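Residues in the sequence shown are numbered consecutively from 432, following the numbering used here.
Before any comments, here is the structure.
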Amino acid sequence: MVPALDRVVLESINQWVHASTWLDNFVAFLSYNNLLKGGLFTVVLWWTWFQCRDTAEGNARRQIVLGILAGCLLGMMVTRVLTHVFPERPRPLHNTELHLQPAQEQLLSDSADNSSFPSDHATIFFALAVGFCFLSPRLGALALFYVVFFICLPRLFLGLHYPTDLLAGGAVGAATALAANLPAVRRRFFAPLVQWQYQHPSPFYVGLFLMSYQLDEMFGGVRQLLNFLLGRI
432 MVPALDRVVL ESINQWVHAS TWLDNFVAFL SYNNLLKGGL FTVVLWWTWF
482 QCRDTAEGNA RRQIVLGILA GCLLGMMVTR VLTHVFPERP RPLHNTELHL
532 QPAQEQLLSD SADNSSFPSD HATIFFALAV GFCFLSPRLG ALALFYVVFF
582 ICLPRLFLGL HYPTDLLAGG AVGAATALAA NLPAVRRRFF APLVQWQYQH
632 PSPFYVGLFL MSYQLDEMFG GVRQLLNFLL GRI
């Protein structure tokens, strides 16, 4: 049974599907284009990292960058566990109670085999946006606006997630971002790592590149690995 909130929101938004071919294609483009999702946030993280000087203040900001990445990874791990703990939930497009019309036929095949709860997108990008608040409240507010209207809203429009999927994923991402950026956590884990990168830049930047690459790809490789380890691939 579909909760009332999910039904009302999805059916209201789905009325706009096919109102404009341009709108359908634009929203699908936003949802599928990784450059405008993980890529954009990765650019901000790398820019912030290299803008920092080798001072106590600069190193503190670098600790936040590492905390943001750790929060994303931790959030993704929690989300994968929840996906396997809770019963599989078909995406709205495939829920026969709703009778939603797809913006593109391709969406039906692309979304057939994945449980929708909780939302990986909401987890990752709310973790990033909340993490950005530690760098700058203004940057964090801008990131939250972008996440809500350019990442999460398209998922509703396309029928890929229920509102409750996004709320749950966003809560997980926000919680892991806050946990990873607690002052005690930064001092214990990320302060030594920032100092270590001065003595061992090669392995450090290889690891940082790998993390940012996974962020660009929505942690696709990590998700596949976790699905395999948890017994569902």
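Think of the CB as a built atom: it goes at the ideal place given N, C-alpha and C, for glycine as much as any other residue.
Everything numeric in this text was worked out from a predicted model, so none of it was measured.
*What are the start and end residues of each continuous alpha helix (DSSP H) run of 4 or more residues lying completely inside the region 533-579, in chain order?*
537-541, 551-566, 568-577
*Assess, as a yes-or-no matter, whether the region 557-575 is touched by the region 606-615 under the definition of 3 or more beta carbon pairs within less than 8 Å.*
yes
*Does the region 500-512 touch the region 594-609, meaning 3 or more C-beta pairs lie closer than 8 Å?*
yes
_Continuous alpha helix (DSSP H) assignments of at least 4 residues falling wholly in the region 581-646_ = 584-588, 594-611, 622-630
*Return yes when the Cβ of Ala-450 is within less than 8 Å of the Cβ of Gln-535, no when it is not.*
no
*Cβ contact (3+ pairs, closer than 8 Å) linking the region 586-594 and the region 543-555*: yes
*In its own chain, which residues sit with a C-beta less than 7 Å from the C-beta of Phe-621, not counting the 5 before and 5 after it?*
Gln-494, Leu-497, Gly-498
*Quick one: measure Cβ to Cβ for Thr-473 and Leu-646, integer angstroms, because I've assumed they're closer than 8 Å.*
5 Å
*Excluding sequence positions up to five away, which residues of its chain have a Cβ less than 7 Å from the Cβ of Leu-624?*
Leu-497
_Quick check: what's the CA-CA separation for Pro-632 versus Ala-574?_
29 Å
*Give the DSSP-derived three-state secondary structure of Met-507 in the structure shown.*
helix
*Would you give the residue range spanned by the alpha helix (DSSP H) that Trp-453 belongs to?*
452-463
*In angstroms with no decimal places, state the Cα-to-Cα distance between Asn-445 and Leu-531.*
7 Å
*Exposed or buried, which one is Val-578 when buried takes at least 16 other CB atoms within 10 Å?*
buried
*Proximity of Leu-467 and Leu-461 at Cβ, strictly below 8 Å*: yes
*State the CB to CB distance for the pair Leu-505 and Thr-607, rounded to an integer number of angstroms; the pair is presumed to be in contact (CB under 8 Å).*
4 Å
*Give the straight-line distance between the Cα atoms of Gln-630 and Asp-485, rounded to the nearest whole angstrom.*
13 Å
_Where the alpha helix (DSSP H) through Gln-655 begins and ends_ = 651-660
*For Leu-441 versus Pro-521, is the C-beta distance shorter than 8 Å?*
no
*How is Thr-486 classed by DSSP in three states: helix, strand or coil?*
coil
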